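Number of protein chains: 2
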Amino acid sequence: MSRARPIRLALLGCGVVGTAVARLLDEQSAELAARVGAPLELAGIAVRRPNRHPGIDPALLTTDAGALVARDDIDIVVEVIGGIEPARTLLLSALGSGKSVISANKALLAEDGATLHAAASAHGVDLYYEAAVAGAIPLLRPLRESLAGDRITRVIGIVNGTTNFILSRMAASGAGFSEALAEATALGYAEADPSADVDGFDAAAKAAILAGLAFHTRITAADVHREGISEVSAADVASAAAMDCTVKLLAICERGGTGAGESVAVRVHPAMIPTSHPLAGVGDAFNAVYVEAEAAGSLMFYGRGAGGEPTASAVLGDLVAVARNRLSGSRGAGESAYADLAVQPIGEVRTRYHVALDVADRPGVLASVAGAFADNGVSIQTVRQEGRGDAATLVLVTHVAPDAALAATVHRLAAYDFIRRVRSVMRVEGLPPD
Amino acid sequence: MSRARPIRLALLGCGVVGTAVARLLDEQSAELAARVGAPLELAGIAVRRPNRHPGIDPALLTTDAGALVARDDIDIVVEVIGGIEPARTLLLSALGSGKSVISANKALLAEDGATLHAAASAHGVDLYYEAAVAGAIPLLRPLRESLAGDRITRVIGIVNGTTNFILSRMAASGAGFSEALAEATALGYAEADPSADVDGFDAAAKAAILAGLAFHTRITAADVHREGISEVSAADVASAAAMDCTVKLLAICERGGTGAGESVAVRVHPAMIPTSHPLAGVGDAFNAVYVEAEAAGSLMFYGRGAGGEPTASAVLGDLVAVARNRLSGSRGAGESAYADLAVQPIGEVRTRYHVALDVADRPGVLASVAGAFADNGVSIQTVRQEGRGDAATLVLVTHVAPDAALAATVHRLAAYDFIRRVRSVMRVEGLPPD
């Protein structure tokens, strides 16, 4: 066993994840020391209410996070508070005083990762955040290291467990969104205020981080086109099943344009994917990320995206790497934003669409509908009529078309008197190229 | 763009993988330079027949691999020759003269990784080999870095594309082994001499490497219990399907024993797994590795396990990391063998078994069969009879039992006169714990 001086850690936050980190640091201390080459020593934990942590040595607890971060004897700060402030101020203070930082804070990384990276670079320290995306799944390190010699073309992820649970329940039971959400809440998969999950904010932050790493470009959450799942109906789910598809909330990061006009499109929205796609089988609260790269081909990473222990596993993996770097006086790979691609507006993003229209069942309707698509340059791949008379529905699937063209088509369709209702418009992803 | 001095590379071998590496180095040179912080320059390629490489600058080619490796101007040696010699001698020479090494050579790493690691450590250089296991799938880096703070309990992999293709074909078409092998050969998925794949040698080498990384213990190919797929019959595949299972060639690395008696068991053999298991859906020539860790839970990594481009992607990922280390004067994580666990003999390995017996259809047979299992301490979970009279078959699935107990049971059964044939004995994996 090494006799190197201990690497001293400050932990900011001691909720579900922080408690698991503290416990694993204790339980695995001998193995961690062997892997790092020096003991890891938890020197302090910043919490709001010290009396709420009965399993933790009270001498470690402090309510003064700023003072903890400023201590001279701390090597590495682990932040599991979440949210923008005070996390940002604390981490900039830590980096500014030469401490390396490990963060699980997707919101902060997606809003202002560039500032944190710049501070880490200026002070020659590490900023790692594997736990910020897809919990325990080793994803950021493979993207930024293993695939560093390849050219990633697309990343499609199921990165929010709450919404995946809700959509999986809807598919399994035929339930509507509200009913499935209530079940998710009752089982603890959804927060009392589920907006961050169901409206796609959480997935959008993760998409921004993934896109930045995959395409070597600074992407913030504001660059991500975002649609949640609250409008997904039991009818959409049934319609997907009829096409041998399933509905998933996807975070999609892809290259658009070519050459000097190359750009990055980042979007989060529900979409239909074929049941034969590897992502279709990712059920319940699991996460998975599907990566397409020019040389590597298709890859998928699957596992638990949330929870105290899985997230703590990711934090500890970063901790071993960062502690080893401290010992050897080196630094891991920093921000890579050299490509600096433009963000493609959602209107230019090209994909397929599933459109269901409740229509009057009379001659000429299909011709008029087809005309509306054609006038906007949207080519139809399949069309079928379901029901007759007052219950007639036209279900169309388009070839690949720009989002703006589809939006214009739907706008036109909605104005026709023989269309009683535009029942659903949903993107279709994961099919082979047109 | 950085003005750092170029990092100079020697490439040993220029077959399918080497050609793809050379091409990607050329095509991606600007991006690679941006990611590394210095240009990567291919300084020489050792080949056997220089006239066989029309797409390569002839000035780079040499038949004298030893002289290339000894050149003072080389920083990194990339070895894609395969086999034990001359690869080992060349790589030890490279490491001994301060060059970092990237290898795709699973056979060499599995036979003598310890010697190579020791040489790398003694000379303060890197030895990376992501491409040696599961081609393009980022696997070794996640195991040795992302999960470094966790405790891996089991690794189950489909790590040989040829056998997975054959077994997938058998399941899809009902074909026998020979017929499916012939199809794999015709399609280029199997070599003219398929023994390395179908007899499990290739998978065993990869299992040794995975087990070593997962359990921080030196494991060689000789430590791996190995059974191939040539005995897998169409009846086995049908029997698996009847149990809602599918047959896969699995590489399984797991912890055995507890406390001071803790050990590692590593085995490669065909096994039935439930169709609901994430590995069951891995078809054709794809690879996937399922990892269970105490904190992270279940993870899966999926992608292409072979082929020039996917393997080259893994080599280039290592190349970026190793080149960055050279520039910064640092080293990546070296061998980690501190746990030094014993290898558990196959006889002590505990799992479930599927046993099919062609029996005489007469009273008392089941009682005798059940007695043979009971006498050896093997508990039966389910038993069913298929067919009647001369076509009667008993199909049993056991609870978890040691391999030696099952072997003794089968030995006893084979001696009974009312058992016409022990039709198949196959392990069942991936079920929930007993």
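Just so you know, the protein sequences line up as chains E and P, in that order.
Going by our numbering, the first residue of the first sequence is number 1, and it counts up by one from there.
Going by our numbering, the first residue of the second sequence is number 435, and it counts up by one from there.
Built from N, CA and C at the ideal position, the CB exists for glycine as well.
These numbers come from a predicted model, not from an experiment.
Neighbour flag for residue i against chain E, beta carbons, 7 Å
i, result
"P/G403", "Summary: the structure shown does not reach residue 403 of chain P, with chain P confined to residues 435 through 868, and so no result is reported for it."
"P/E475", "no"
"P/V512", "no"
"P/R818", "no"
"P/S858", "no"
"P/P572", "yes"
"P/P576", "yes"
"P/Y562", "no"
"P/V829", "no"
"P/A456", "no"
Residue j beta carbon less than 7 Å from that of residue i
i, j, result
"P/A570", "P/R439", "no"
"E/L341", "E/L394", "no"
"E/A148", "P/V754", "yes"
"P/V698", "P/A685", "no"
"P/I510", "P/D752", "no"
"P/H788", "P/M860", "yes"
"P/P744", "E/G297", "yes"
"E/I209", "E/L92", "no"
"E/D244", "E/S424", "no"
"E/I219", "E/G430", "no"
"P/R660", "P/A638", "yes"
"P/V567", "P/L573", "yes"
"E/G18", "E/V69", "no"
"E/F165", "E/Y189", "yes"
"E/V78", "E/A323", "no"
Any chain P beta carbon closer than 7 Å to residue i
i, result
"E/R154", "no"
"E/S168", "no"
"E/G297", "yes"
"E/S146", "yes"
"E/G303", "yes"
"E/A453", "Only positions 1 to 434 of chain E appear in this structure, which leaves residue 453 of chain E out of reach."
"E/L279", "no"
"E/S230", "no"
"E/E309", "yes"
"E/S330", "yes"
"E/R35", "yes"
"E/D26", "no"
"E/Y189", "no"
"E/G317", "yes"
"E/V266", "no"
Proximity to residue i [Cα-Cα], best of the options
i, options, result
"E/P54", "E/A22, E/E262 and E/E183", "E/A22"
"P/A645", "P/A538, P/L458 and P/E769", "P/E769"
"P/T680", "P/T654, P/G715, P/G695 and P/Y724", "P/G715"
"P/K682", "P/G693, P/A719 and P/F649", "P/A719"
"P/A605", "P/D627, P/H551 and P/V666", "P/V666"
"E/A408", "E/D390, E/V397 and E/D375", "E/D375"
"P/V783", "P/D868, P/A771 and P/E688", "P/E688"
"P/A740", "P/S664, P/N594 and P/S710", "P/N594"
"E/D64", "E/V80, E/R52 and E/V47", "E/V47"
"E/I7", "E/G96, E/S100, E/A20 and E/H117", "E/S100"
"P/S813", "P/P836, P/N485, P/A826 and P/A554", "P/P836"
"P/G742", "P/G530, P/A826, P/V450 and P/G591", "P/V450"
"P/G591", "P/Y724, P/R846, P/T692 and P/A648", "P/Y724"
"E/Y315", "E/A38, E/Q28 and E/A104", "It is Val, not Tyr, that sits at residue 315 of chain E in the sequence shown. That would be E/A104, whose Cα lies nearest to the Cα of E/V315."
For residue i, the three-state DSSP class (helix, strand or coil)
i, result
"E/M170", "helix"
"P/N485", "helix"
"E/K106", "helix"
"E/S478", "Residue coverage of chain E in this structure runs from 1 to 434, which leaves residue 478 of chain E outside it and unanswerable."
"P/L573", "coil"
"E/S100", "strand"
"E/M1", "Confidence in E/M1 is poor, its pLDDT being 43 and thus under 50, which makes the residue's placement unreliable; the coordinate value appears in the next sentence. Three-state result, E/M1: coil."
"P/G591", "strand"
"P/L445", "strand"
"P/L830", "strand"
Which runs of the alpha helix (DSSP H) at least 4 residues long sit entirely within the region 598–667 of chain P? Give them in chain order. 611–620, 629–632 and 635–649
Every unbroken alpha helix (DSSP H) inside the region 298–378 of chain E [4 residues or more]: Taking 4 residues as the minimum length, the alpha helix (DSSP H) runs contained wholly in the region 298–378 of chain E are 308–328 and 365–375, in order along the chain.
Taking the runs of the alpha helix (DSSP H) that are 4 residues or longer, which of them lie wholly in the region 681–737 of chain P? none
So within the region 453–515 of chain P, which uninterrupted beta strand (DSSP E) runs reach at least 3 residues, ignoring any that extend past its ends? 474–480 and 510–513
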